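Student: In the UniProt record's numbering, the protein residues as written are 1 to 389.
Here a beta-carbon is modelled for each residue, glycine too, at the ideal position from N, C-alpha and C.
Nothing here was measured: the structure is a model prediction, and the numbers come from that model.
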């Protein structure tokens, strides 16, 4: 039984988050909805990172500075990525339509098997790891929140600036704590949408390029029409060229939509890892805090690694275009067929230089992931060397 080819089904959590955070994009024009969207992005997307960052300038000790800096940067990056996705939402809709169109071209048993064993499996593995990491983080958050509520000392989830004396008034303290709690939940929803779109899109882009190559390699080897075999194969070639145009359009849209979000992701991940390692080396003395930050580091890696990995897969599949074309049975086709195929091959050679870059500056691949990890290792190596001296 052939598998159901549906590349956009795994995007459902992304669209659920977007419908919650930006219902006006989906046609909701009522005044209360517009007010809700305005307040949501003012209080959560903008003011929540700001009230954490402002507090950094007011921190009295270096311990509290390091403790608050990583979460402040994470929340600011989450808001920036969310704004970037909102800006490109119309292009994301087009990406979904192109994926649906490409799904319709999957027909052979080999392609169905590749879809199930590779694409579907990788997408599920990635999403499960991501959702599990969010579950772990928010379980820890709920435990911390319950401890704060039960405690007699008035403390916030994270040190932050408020323009009122929340420590001296119980009602104002409840407002401050409730504001942080609600914002952290909504930031988590933004995080789910931010961290699912880029890896999933890169995953399915690479997968559809690979399945196109499987189709192209078989051109001329399948059973032929006895009356006009060359005409049939030439028409198939033109069909594959049209499919290639769709793939290139999908590649171009993907490069455009993930560029800014991944630049923010790389910058935030590198800085956060470096700050966390410094904080753990110099200030952490208890096992619970150490365990929390180890989980935090693992979550950052789960957010960063998939996009880098799938971008490397896309680059590798782009390199295989000429090989897939050359593997077809072109040598038994008509002169016109060979001429068109030669021109098409030259065009795909130009496409080999198209790479996905974060912010148009940094090529997104596994090398970037390991370089980012090295930024966290550098402070550790420096401290070890100083101690040895």
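Short of 8 angstroms in beta carbon distance, which residues of its chain neighbour residue 36, apart from the five on each side in sequence? Order them along the chain.
Tutor: Once the five neighbours on either side are set aside, the close Cβ partners of residue 36 are 23.
Student: In this structure, does DSSP put residue 222 in helix, strand or coil?
Tutor: coil
Student: To the nearest angstrom, report how far apart residue 152 and residue 49 are at their CA atoms.
Tutor: 27 angstroms
Student: Going by CA-CA distance only, name the one from 142, 359, 345 that's closest to residue 238.
Tutor: For the set 142, 359, 345, the Cα lying nearest the Cα of residue 238 is the one of 345.
Student: Report the rounded CA-to-CA distance for residue 179 versus residue 104, giving the unit in angstroms.
Tutor: If I take the Cα positions, the gap works out to 47 angstroms.
Student: Out of 328, 19, 262, point me to the one whose CA is closest to residue 222's CA.
Tutor: 328
Student: Tell me where the alpha helix (DSSP H) around residue 124 begins and ends.
Tutor: 121-150
Student: Shortest alpha-carbon distance to residue 8 belongs to which of 201, 55, 192, 155?
Tutor: 201
Student: For residue 230, which of helix, strand or coil comes out of DSSP?
Tutor: With a pLDDT of 49 at residue 230, under the threshold of 50, the modelled position of this residue cannot be trusted; read the value that follows with caution. Residue 230 falls in the helix class under three-state DSSP.
Student: CB-CB under 8 angstroms to residue 51, same chain, minus the five flanking residues each way: which ones, in chain order?
Tutor: 160, 161, 162
Student: Can you tell me where the alpha helix (DSSP H) holding residue 329 begins and where it ends?
Tutor: Where residue 329 is concerned, there is no enclosing alpha helix (DSSP H), given that its DSSP letter is neither H nor E.
Student: With a Cβ-Cβ cutoff of 8 angstroms, do residue 234 and residue 336 count as a contact?
Tutor: yes
Student: Does residue 5 come out as helix, strand or coil in the three-state DSSP assignment?
Tutor: coil
Student: Between which two residues does the alpha helix (DSSP H) holding residue 155 run?
Tutor: That residue, residue 155, is in no alpha helix (DSSP H); it is neither H nor E in DSSP.
Student: Which of the three DSSP states is assigned to residue 261 in this structure?
Tutor: helix
Student: Can you tell me whether residue 358 is helix, strand or coil according to DSSP?
Tutor: strand
Student: Are residue 127 and residue 196 closer than 8 angstroms when you measure CB to CB?
Tutor: yes
Student: Which residue wins for smallest C-alpha separation from residue 78, given the options 54, 41, 67?
Tutor: Taking each of 54, 41, 67 in turn and checking the Cα distance to residue 78, the smallest one comes out for 41.
Student: If you check the beta carbons only, do residue 330 and residue 341 fall under 8 angstroms apart?
Tutor: Yes. Within cutoff.
Student: Do three or more CB pairs link the stretch 183-192 to the stretch 203-213 at distances below 8 angstroms?
Tutor: no
Student: Using the C-alpha atoms, what's the distance from residue 56 back to residue 175?
Tutor: Separation of residue 175 and residue 56 (C-alpha to C-alpha, rounded to the nearest whole angstrom) is 21 angstroms.
Student: Residue 298 to residue 332, Cα distance in whole Å?
Tutor: Their backbone Cα atoms lie some 54 angstroms apart in a straight line.
Student: Can you name, in chain order, every residue of its own chain whose Cβ lies under 6 angstroms from the Cβ of residue 166, other than the five neighbours on each side?
Tutor: 172, 173, 176
Student: Just grab the DSSP bridge partners of residue 363 for me.
Tutor: Answer is 357.
Student: Quick one: residues in its chain with C-beta nearer than 8 angstroms to the C-beta of residue 236, no 5 flanking neighbours on either side, listed in chain order?
Tutor: The answer, listed in chain order, is 219.
Student: Within its chain, find whatever has a CB closer than 7 angstroms to the CB of residue 74; leave out the 5 residues flanking it on each side and keep chain order.
Tutor: 268, 272
Student: Considering only their Cβ atoms, is the gap separating residue 359 from residue 253 smaller than 8 angstroms?
Tutor: no
Student: Could you give the DSSP three-state label for residue 270: helix, strand or coil?
Tutor: helix
Student: In this structure, how does DSSP classify residue 163 when only helix, strand and coil are distinguished?
Tutor: coil
Student: Grab the span of the alpha helix (DSSP H) containing residue 475 for me, first residue to last.
Tutor: Here the chain comprises residues numbered 1 to 389, so residue 475 is not present and cannot be evaluated.
Student: Taking the alpha-carbon positions, what's the residue 144 to residue 325 distance?
Tutor: 58 angstroms
Student: Grouping DSSP H, G and I as helix and E and B as strand, with all else coil, what is residue 105?
Tutor: When DSSP states are grouped into helix, strand and coil, residue 105 belongs to the coil group.
Student: Taking Cβ positions, are residue 133 and residue 275 nearer each other than 8 angstroms?
Tutor: no
Student: Residue 88 by DSSP, collapsed to three states: which one?
Tutor: coil
Student: What is the DSSP secondary structure of residue 169, reduced to helix, strand or coil?
Tutor: The answer is coil: DSSP assigns residue 169 none of H, G, I, E or B.
Student: Check residue 299 in the structure and name its three-state DSSP category.
Tutor: Secondary structure at residue 299: helix, using DSSP grouped into helix, strand and coil.
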